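What follows is a single structure, written as C-alpha coordinates, with notes after it.
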Amino acid sequence: MSPYEEEAALDLSEFRPEEWAAFLFDHPDGFRLIKSGTEYEDYVISDPLLVLNGIRYVLENFKSVGETYSLAQIDHGIWALWSGELNLKGLLFDERIDWPIREATIRSMAIPFRDFLAGHPIHVMENCFFMWWHLIRVPGGYERRLRDAYFETLREILSINDDRCQGAALHGLGHLRHPGRFDLIGEYIDKHAELLTDPDGLHWVEQCQIGTVM
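Residue numbers are given in our numbering: position 58 of the sequence shown equals residue 59, and the series is strictly consecutive.
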(Lines of atoms letter the chains of each structure in order from A and count residues from 1; the text may use other names and numbers.)
(Lines give C-alpha, C1' and ligand atoms only; values in the text may rest on other atoms or scores of the structure.)
Protein backbone atom coordinates (compact mmCIF):
# COMPACT_ATOMS: atom_id res chain seq x y z
CA MET A 1 0.00 0.00 0.00
CA SER A 2 1.29 3.45 -0.88
CA PRO A 3 1.97 5.73 2.11
CA TYR A 4 -0.39 8.19 0.43
CA GLU A 5 -3.25 5.71 0.37
CA GLU A 6 -5.59 5.18 3.30
CA GLU A 7 -6.85 1.78 4.35
CA ALA A 8 -10.53 1.32 3.64
CA ALA A 9 -12.59 1.28 6.83
CA LEU A 10 -16.06 -0.19 6.96
CA ASP A 11 -18.57 1.83 9.00
CA LEU A 12 -20.74 -0.80 10.66
CA SER A 13 -23.35 1.88 11.38
CA GLU A 14 -24.22 2.04 7.69
CA PHE A 15 -25.80 -1.42 7.66
CA ARG A 16 -29.57 -1.55 7.83
CA PRO A 17 -30.83 -4.01 10.47
CA GLU A 18 -31.94 -6.51 7.82
CA GLU A 19 -28.43 -6.49 6.28
CA TRP A 20 -26.66 -7.66 9.40
CA ALA A 21 -27.36 -11.38 9.05
CA ALA A 22 -25.78 -11.56 5.60
CA PHE A 23 -22.79 -9.54 6.80
CA LEU A 24 -22.18 -11.93 9.69
CA PHE A 25 -23.03 -15.28 8.15
CA ASP A 26 -23.05 -15.25 4.34
CA HIS A 27 -19.41 -16.25 3.81
CA PRO A 28 -17.45 -19.34 2.77
CA ASP A 29 -15.24 -21.25 5.18
CA GLY A 30 -12.08 -19.40 6.12
CA PHE A 31 -13.39 -15.96 5.14
CA ARG A 32 -12.55 -13.09 7.46
CA LEU A 33 -15.05 -10.26 7.75
CA ILE A 34 -12.33 -7.75 8.56
CA LYS A 35 -8.69 -7.75 7.42
CA SER A 36 -9.53 -10.39 4.87
CA GLY A 37 -7.19 -9.05 2.22
CA THR A 38 -10.22 -7.92 0.27
CA GLU A 39 -12.03 -4.61 0.42
CA TYR A 40 -11.91 -3.66 4.08
CA GLU A 41 -8.92 -3.59 6.39
CA ASP A 42 -10.63 -2.15 9.46
CA TYR A 43 -13.98 -0.93 10.72
CA VAL A 44 -15.41 2.08 12.50
CA ILE A 45 -18.65 2.69 14.38
CA SER A 46 -20.03 6.18 13.89
CA ASP A 47 -23.29 5.39 15.71
CA PRO A 48 -23.15 2.60 18.35
CA LEU A 49 -26.95 2.60 18.71
CA LEU A 50 -27.48 1.67 15.07
CA VAL A 51 -25.00 -1.20 15.35
CA LEU A 52 -26.61 -2.60 18.49
CA ASN A 53 -30.04 -2.33 16.89
CA GLY A 54 -28.71 -4.35 13.96
CA ILE A 55 -27.36 -7.03 16.27
CA ARG A 56 -30.67 -7.21 18.11
CA TYR A 57 -32.51 -7.60 14.81
CA VAL A 58 -30.38 -10.67 14.04
CA LEU A 59 -31.07 -12.15 17.47
CA GLU A 60 -34.80 -11.53 17.29
CA ASN A 61 -34.96 -13.19 13.86
CA PHE A 62 -32.60 -16.06 14.55
CA LYS A 63 -35.02 -18.72 13.38
CA SER A 64 -34.63 -17.28 9.89
CA VAL A 65 -30.85 -17.23 10.33
CA GLY A 66 -30.91 -20.94 11.15
CA GLU A 67 -33.02 -21.68 8.07
CA THR A 68 -30.71 -19.71 5.77
CA TYR A 69 -27.13 -20.40 6.83
CA SER A 70 -25.08 -23.50 7.64
CA LEU A 71 -23.98 -24.38 11.16
CA ALA A 72 -20.39 -23.56 10.21
CA GLN A 73 -21.41 -20.13 8.91
CA ILE A 74 -23.41 -19.42 12.07
CA ASP A 75 -20.53 -20.54 14.27
CA HIS A 76 -18.06 -18.29 12.46
CA GLY A 77 -20.41 -15.31 12.56
CA ILE A 78 -21.14 -15.58 16.28
CA TRP A 79 -17.46 -15.93 17.15
CA ALA A 80 -16.66 -12.94 14.92
CA LEU A 81 -19.45 -10.91 16.52
CA TRP A 82 -18.48 -11.40 20.14
CA SER A 83 -14.71 -11.87 19.84
CA GLY A 84 -11.95 -11.92 17.26
CA GLU A 85 -12.69 -9.99 14.09
CA LEU A 86 -15.45 -7.66 15.34
CA ASN A 87 -15.50 -8.13 19.12
CA LEU A 88 -18.63 -6.03 19.58
CA LYS A 89 -19.52 -7.20 23.07
CA GLY A 90 -18.38 -3.82 24.40
CA LEU A 91 -21.56 -2.29 23.00
CA LEU A 92 -23.49 -4.13 25.71
CA PHE A 93 -21.54 -2.15 28.30
CA ASP A 94 -21.44 1.17 26.39
CA GLU A 95 -23.22 3.77 28.51
CA ARG A 96 -23.60 6.07 25.51
CA ILE A 97 -26.41 3.71 24.50
CA ASP A 98 -29.57 4.04 26.59
CA TRP A 99 -29.97 1.21 29.05
CA PRO A 100 -33.38 -0.03 27.75
CA ILE A 101 -31.78 -0.68 24.34
CA ARG A 102 -28.87 -2.61 25.84
CA GLU A 103 -31.21 -4.54 28.13
CA ALA A 104 -33.48 -5.48 25.23
CA THR A 105 -30.47 -6.75 23.29
CA ILE A 106 -29.33 -8.91 26.20
CA ARG A 107 -32.81 -10.30 26.77
CA SER A 108 -33.14 -11.11 23.05
CA MET A 109 -30.18 -13.49 23.39
CA ALA A 110 -32.56 -16.14 24.69
CA ILE A 111 -34.19 -16.31 21.25
CA PRO A 112 -31.40 -18.18 19.38
CA PHE A 113 -31.42 -20.83 22.10
CA ARG A 114 -35.21 -21.12 22.21
CA ASP A 115 -35.99 -20.86 18.49
CA PHE A 116 -32.92 -22.52 16.96
CA LEU A 117 -30.79 -24.58 19.32
CA ALA A 118 -33.59 -26.24 21.29
CA GLY A 119 -34.67 -29.43 19.59
CA HIS A 120 -32.23 -29.07 16.69
CA PRO A 121 -31.70 -32.51 15.09
CA ILE A 122 -27.91 -32.20 15.08
CA HIS A 123 -26.79 -33.72 18.38
CA VAL A 124 -23.28 -32.20 18.46
CA MET A 125 -23.78 -28.49 17.91
CA GLU A 126 -21.20 -25.89 16.90
CA ASN A 127 -19.56 -24.54 20.04
CA CYS A 128 -20.53 -20.89 19.61
CA PHE A 129 -23.68 -21.58 21.62
CA PHE A 130 -21.90 -23.24 24.53
CA MET A 131 -19.29 -20.44 24.57
CA TRP A 132 -21.72 -17.57 23.92
CA TRP A 133 -21.92 -16.30 27.49
CA HIS A 134 -18.25 -16.95 28.11
CA LEU A 135 -17.44 -14.63 25.20
CA ILE A 136 -19.62 -11.79 26.50
CA ARG A 137 -19.00 -12.22 30.24
CA VAL A 138 -19.32 -9.03 32.27
CA PRO A 139 -16.01 -7.49 33.43
CA GLY A 140 -15.69 -6.38 37.03
CA GLY A 141 -17.06 -3.03 38.10
CA TYR A 142 -20.14 -2.82 35.90
CA GLU A 143 -23.56 -1.85 37.19
CA ARG A 144 -25.82 -4.40 38.88
CA ARG A 145 -28.65 -3.98 36.38
CA LEU A 146 -26.36 -5.34 33.65
CA ARG A 147 -25.72 -8.49 35.68
CA ASP A 148 -29.42 -8.75 36.46
CA ALA A 149 -30.27 -8.71 32.75
CA TYR A 150 -27.72 -11.45 32.10
CA PHE A 151 -29.06 -13.47 35.02
CA GLU A 152 -32.70 -13.28 33.95
CA THR A 153 -31.82 -14.20 30.37
CA LEU A 154 -29.74 -17.16 31.51
CA ARG A 155 -32.56 -18.23 33.84
CA GLU A 156 -34.87 -18.28 30.82
CA ILE A 157 -32.42 -20.35 28.77
CA LEU A 158 -31.88 -22.75 31.68
CA SER A 159 -35.63 -23.41 31.75
CA ILE A 160 -35.65 -24.61 28.12
CA ASN A 161 -36.10 -28.38 27.89
CA ASP A 162 -32.91 -29.02 25.91
CA ASP A 163 -29.61 -30.32 27.28
CA ARG A 164 -27.51 -28.04 25.05
CA CYS A 165 -29.44 -24.93 26.07
CA GLN A 166 -29.17 -25.87 29.73
CA GLY A 167 -25.44 -26.56 29.40
CA ALA A 168 -24.85 -23.18 27.78
CA ALA A 169 -26.89 -21.45 30.49
CA LEU A 170 -25.01 -23.21 33.29
CA HIS A 171 -21.70 -22.28 31.67
CA GLY A 172 -22.82 -18.67 31.39
CA LEU A 173 -24.02 -18.56 34.99
CA GLY A 174 -20.69 -19.98 36.08
CA HIS A 175 -18.99 -16.88 34.65
CA LEU A 176 -21.54 -14.42 36.06
CA ARG A 177 -21.00 -12.87 39.45
CA HIS A 178 -24.58 -12.63 40.66
CA PRO A 179 -26.10 -13.34 44.09
CA GLY A 180 -28.85 -15.47 42.57
CA ARG A 181 -26.51 -17.90 40.83
CA PHE A 182 -25.93 -20.34 43.70
CA ASP A 183 -29.61 -20.86 44.51
CA LEU A 184 -30.70 -21.05 40.86
CA ILE A 185 -28.18 -23.76 40.02
CA GLY A 186 -28.98 -25.49 43.31
CA GLU A 187 -32.60 -25.69 42.22
CA TYR A 188 -31.44 -27.10 38.89
CA ILE A 189 -29.38 -29.79 40.63
CA ASP A 190 -32.32 -30.78 42.82
CA LYS A 191 -34.71 -30.91 39.86
CA HIS A 192 -32.36 -32.96 37.68
CA ALA A 193 -30.80 -35.20 40.33
CA GLU A 194 -31.79 -38.36 38.46
CA LEU A 195 -29.87 -37.16 35.39
CA LEU A 196 -26.75 -35.99 37.23
CA THR A 197 -25.51 -39.45 38.16
CA ASP A 198 -22.13 -39.06 36.45
CA PRO A 199 -19.68 -37.69 39.06
CA ASP A 200 -17.80 -35.64 36.48
CA GLY A 201 -20.99 -34.10 35.14
CA LEU A 202 -22.23 -33.22 38.62
CA HIS A 203 -18.83 -31.78 39.52
CA TRP A 204 -18.95 -29.50 36.47
CA VAL A 205 -22.41 -28.23 37.41
CA GLU A 206 -21.20 -27.59 40.96
CA GLN A 207 -18.26 -25.63 39.54
CA CYS A 208 -20.76 -23.48 37.67
CA GLN A 209 -22.70 -23.03 40.90
CA ILE A 210 -19.71 -21.65 42.83
CA GLY A 211 -18.22 -19.75 39.90
CA THR A 212 -15.03 -21.74 39.37
CA VAL A 213 -15.90 -23.19 35.96
CA MET A 214 -13.43 -22.58 33.17
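Just so you know, even glycine gets a beta-carbon here, dropped at the ideal spot from N, CA and C.
If you're wondering where the values come from, they're calculated on a predicted model, not measured in any experiment.
Annotated three-state conformation of residue 189 is helix, per DSSP. By the Cβ neighbour-count rule, residue 206 is buried, with 16 or more other Cβ atoms within 10 Å of its own. Annotated three-state conformation of residue 58 is helix, per DSSP.
Taken through DSSP and simplified to helix, strand or coil, residue 70 comes out as coil. Going by C-alpha positions, residue 211 is about 6 Å away from residue 183. When secondary structure is reduced to three states using DSSP, residue 30 falls in the coil class, being assigned neither helix nor strand. Burial state of residue 29 is exposed, judged by a 10 Å Cβ sphere holding fewer than 16 other Cβ atoms. DSSP places residue 149 in the helix class (H, G or I) of the three-state scheme. In the DSSP assignment, residue 164 falls within the unbroken alpha helix (DSSP H) covering 164-175.
Residue nearest to residue 98 within the set 113, 65, 48 is 48 (criterion: CA-CA distance). Looking only at 179, 166, 111, 128, the smallest Cα-Cα distance to residue 142 is reached by 179. Counting C-beta pairs closer than 8 Å gives fewer than three between the region 129-149 and the region 185-192, which falls short of the contact rule. With fewer than 16 neighbouring CB atoms inside 10 Å of its own CB, residue 122 falls in the exposed class.
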